[in-house]
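Following: one structure in structure tokens, then a few remarks.
Numbering (my numbering), first residue to last: 2 to 107.
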């Protein structure tokens, strides 16, 4: 089931964006910034915590107090999380164990 978000962008047009298009979300200056595969960033006027509750569970994971990632956009994990877009995101000690518990590690 798709969840759609109506987002007000900078130029005051409203754009429909599916949760399936979101690579990751972060927070800056009390606004959520959702990164899309085409490298665009959309600004959402909400808290990261509230935004996280509207995302499908087990599809998005918290990796840091300021970052939520979509699992299928993860390229690999080391001390940071490398996304398929090339973005390198922090993986905090606080969330690392819960994050890794979602995967089978061989």
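Note that CB positions come from ideal geometry on N, CA and C, so glycine has one too.
For residue i, the three-state DSSP class (helix, strand or coil)
{"i": "residue 34", "result": "strand"}
{"i": "residue 76", "result": "strand"}
{"i": "residue 100", "result": "helix"}
Which residues DSSP lists as bridging residue i, in chain order
{"i": "residue 69", "result": "26 and 63"}
{"i": "residue 83", "result": "77 and 89"}
{"i": "residue 6", "result": "18"}
Proximity winner among the options, relative to residue i (alpha-carbon distances)
{"i": "residue 96", "options": "69, 76, 46 and 73", "result": "69"}
{"i": "residue 32", "options": "4, 43 and 24", "result": "43"}
{"i": "residue 24", "options": "77, 14 and 72", "result": "72"}
{"i": "residue 27", "options": "38, 50, 98 and 13", "result": "50"}
Other residues of its chain near residue i: CB distance less than 6 angstroms, five sequence neighbours each side excluded
{"i": "residue 53", "result": "69"}
Close Cβ partners of residue i (< 8 angstroms) along its chain, the five nearest in sequence each way excluded
{"i": "residue 92", "result": "64, 65, 78, 80, 81, 82 and 100"}
Residues near residue i in its chain [Cβ-Cβ closer than 7 angstroms; skip 5 each side]
{"i": "residue 57", "result": "4 and 20"}
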